[in-house]
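According to mature numbering (1 follows the signal peptide of the UniProt record, and there is no 0), the stretch in the sequence shown is residues -39 to -1, 1 to 564, in order.
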Amino acid sequence: MLASTRTPSGARRRLTAACTAGVLAACALALSPAGTARADSAPPHTASPYAASPYSAARPSAAPHPGVLHAKAPAAPGPAFVLPRRARTLSTAAAADALTTPRYDVDGDGFADFLTQEVDGTVHQLASAAGSWKSLGQSPTTYRDILTPGNLDSASAGPEILSLTTTGLLSMWAHTAFPTGTATWTGKGWNAYNKVVAVGDIDGDGFGDLLARTPSGDLYLYKGTGSATAPFAARVKVGSSFGGYDQLIGAGDIGATGHETLVARDLAGDLWMYTLDGTAADPLSARVEIGTGWNLYNQLVGIGDESGAVGGILGRAQNGDLFYYEGTGTVSGPSGTLTARRAISTGWNSLLVVGQGSVPLWGKNDLYAQTSGGDLFYYYGSFTGGVSARLRVGDPGQWKGSRLLTSVSLSQKDEEPLLEIYNNVLYNDTPGFTATSSGWGQYTTVFGPGDLNGDGRSDLLARDASGVLWIMTGKGDGTFYGRGKVGAGWGGYTALTGAGDINGDGLPDIVARSGDGHLYLYLGTGSGPTPFQPRIDIGAGWNIYARLASPGDLDGDGRADLVGVTAGGQLYRYSGSGHTGTATFRPRVQIGTAGWNGYSALF
């Protein structure tokens, strides 16, 4: 039986994997690309009004599969890691200009300290003076993001921590109370943004400030006030067209100008720097290019400054290697603003690192696979691009005849739910046999791509036999409100799937394959009545795959990926690129060598 649906790398190694030689998810990557395809735009349907149609739940006398629990295992601390220290001496003038301080320095030694969140909600801290990891405890909520903005409370000497939930609650904590104590302030509505960035104190008043970006690319500044009850002033719009960046970080003062910086990476891999001056009418300077080729990394992390010194940037490669770049103290273009990289650690593939730059992806990076004989297996991802060896779920043959499906996390726990339709009733098997509602036998396809209506709670999509697509709005506890009609005309698709944000704007998307092999992208809108934009043609030739499935983010870049199984049983990953049309996915990478055609369902 599966002991954990998503565990940190250390705990995963303790699971017993029931593996068969013919069906393994090999993590070796075949780098030969497949062909790309054409693009066009044409909507297949007109979305109908949002119509409520509540269902009632009636649990049968015998539950279909009792005892299949998915509890998370205890978290392991992060990999061995020595916090970067300044490796070079600045000129006297540059040192005098470098006036910013670390955003998170709990031991007061003048060097930045580190936080990570494990997948079960456990938070670990690495203080530079201690030199070892310390568990701060397990939060009852797994946060979508955690920020270290610096000091926010004039009555507190130490740095504060901000936590962000999927429902848009931004909470401020004393660093001594996080994550098991009580937050001192909570604000609502922050799920209006796809990225919130802690950039330090940009106006010199001693309090940390934030930048927040909307899915449309508008950028807003929230200045810290020093108040424990209202820590941020009203937002001010400071930029637009920031949607072209897939990574945004607060990097500290990397140019030794005396000002914090916002560093942004575009989809081509070019790195740009904005100097931040909160006292100016326009707080963001004109951007300066400071690097090329940075798409080598799936995550950038702004580590901030040392006291009186310059900022630095961490880059995490897909294999989990961590590299450090330090500011040179000058702003001199792509070749002179940052030092050459230093390799500082390995094994960082499965951690949420506080300060990382991507849009946070929520609630799925795995696959379930079901055989016609009723066996069910689970493959977890570790953000390296592949999946694990398979783990058996339940007993052999236990799931024969079951209609199983999964979804992006349906709660604040970041779990990967296992759902089952039995006797017309939808059960959430994950927390231990909860009947949600009846009437589900009429649907031919059911899956959960994420929060479609913008309330911060994941929803389901269901297609009925007549080709009408319905949205089932989630309550945030694994159950659902009534359905709303998305539209007719969806019956012509031979595959319909999605699990998260494919293009990087923070809104969940889906893909659909037509009978002639064309694959279409439906970008999310965040609006329940019309949850998708008109379809975009990704290209032809997708009928070479016997099955398509959405694993969520396998490669660790924050965007959802797609996998396909060939008739010969090979498994290929298509990573989301951040683009649309024919460039929606990067060239395919083989992540499973054989045997994947032995499954009757992959989800």
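For every residue, glycine included, the Cβ atom is placed at its ideal position computed from N, Cα and C. What you are looking at is a predicted structure, and each value in this text was computed from that prediction instead of being measured.
Selected residue, minimal CA-CA separation from residue i, among the options
i              : options                           : result
glycine 98     : Thr406, Gln78 and Asp470          : Gln78
leucine 180    : Tyr154, Ala304 and Phe75          : Tyr154
glycine 383    : Asp375, Ser398, Lys374 and Val369 : According to the sequence provided, residue 383 is tyrosine. The question's glycine does not apply to it. Ranking the options by Cα distance to tyrosine 383, first place goes to Ser398.
glycine 273    : Gly263, Asn280 and Gly239         : Gly263
isoleucine 463 : Thr545, Arg196 and Gly435         : Thr545
arginine 364   : Ser349, Asn389, Glu376 and Gly467 : Asn389
alanine 229    : Glu221, Thr236, Leu223 and Asn259 : Asn259
glycine 342    : Thr175, Gly553, Thr109 and Val67  : Gly553
aspartate 106  : Arg277, Val407, Leu257 and Gln317 : Gln317
isoleucine 163 : Gly219, Arg549 and Gly559         : Gly219
glycine 459    : Thr83, Gly453, Ser370 and Asp68   : Ser370
aspartate 416  : Gly476, Thr102, Leu130 and Leu123 : Leu130
glycine 519    : Val407, Arg424 and Leu261         : Leu261
glycine 439    : Leu123, Ala426, Tyr506 and Arg418 : Arg418
glutamine 373  : Ala90, Thr128 and Phe493          : Thr128
Counted within 10 angstroms of its Cβ, other Cβ atoms place residue i as buried (16 or more) or exposed
i             : result
proline 495   : exposed
lysine 184    : buried
valine 43     : exposed
arginine 351  : buried
glutamine 279 : buried
alanine 88    : buried
serine 561    : exposed
arginine 303  : exposed
residue 584   : Absent from the structure is residue 584, since the part of the chain shown begins at -39 and ends at 564.
glycine 513   : buried
lysine 156    : buried
residue 565   : Nothing about residue 565 can be reported from this structure: the residues present for the chain run from -39 to 564 only.
alanine 473   : buried
glutamate 250 : exposed
leucine 257   : exposed
threonine 367 : buried
alanine 528   : exposed
aspartate 68  : exposed
glycine 355   : buried
proline 25    : Because the pLDDT of proline 25 is 45, which lies under 50, any placement of that residue in the model is unreliable, and the question is left without a value.
serine 349    : buried
alanine 510   : buried
serine 319    : buried
glycine 445   : buried
Alpha-carbon spacing of residue i relative to residue j, whole angstroms
i                 : j              : result
alanine 173       : valine 158     : 6 Å
phenylalanine 338 : aspartate 81   : 21 Å
glycine 346       : glutamine 551  : 10 Å
tryptophan 401    : threonine 434  : 14 Å
threonine 240     : serine 246     : 12 Å
aspartate 243     : serine 202     : 16 Å
serine 117        : glycine 111    : 11 Å
valine 386        : tyrosine 404   : 11 Å
glycine 213       : leucine 171    : 13 Å
tyrosine 235      : tyrosine 65    : 21 Å
tyrosine 483      : serine 100     : 35 Å
glutamate 221     : asparagine 152 : 25 Å
glycine 205       : glycine 437    : 31 Å
aspartate 74      : leucine 125    : 20 Å
glycine 452       : glycine 525    : 21 Å
leucine 532       : tryptophan 557 : 7 Å
alanine 396       : glycine 489    : 24 Å
serine 306        : valine 314     : 13 Å
arginine 226      : alanine 555    : 37 Å
Proximal residues to residue i (C-beta, below 8 Å), its chain only, five neighbours per side dropped
i             : result
aspartate 114 : Glu121, Met133, Ala135, Thr145, Gly187, Ser188, Ala189 and Pro192
threonine 291 : Ala55, Gly216, Ala217, Gly297 and Thr298
glycine 335   : Pro357, Gly358, Gln359, Trp360, Lys361, Gly362 and Ser363
glycine 142   : Trp134 and Ala135
threonine 455 : Arg474, Ser475, Gly476 and Asn504
threonine -4  : Low confidence applies to threonine -4: its pLDDT is 24, below 50, so where it sits in the model is not reliable enough to give any reading.
Beta-carbon proximity list for residue i, same chain, < 6 Å, skipping 5 on both sides
i              : result
asparagine 504 : Gly478
valine 429     : Ala449
arginine 508   : Val526 and Leu563
leucine 457    : Thr406 and Ala473
Beta-carbon contacts of residue i that lie in its chain and below 7 Å, excluding the five residues immediately before and after
i           : result
proline 295 : Glu250, Ile251, Gly252 and Thr253
Cutoff 8 Å: residue i Cβ touching any chain D Cβ
i           : result
glycine 525 : Absent from the structure is chain D; it holds one protein chain and no more.
Decide yes or no for the touch test of the region 483 to 502 against the region 539 to 555: beta carbon pairs closer than 8 Å, at least 3 of them. yes
How do the region 316 to 329 and the region 373 to 380 stand: do at least 3 beta-carbon pairs fall below 8 Å, yes or no? yes
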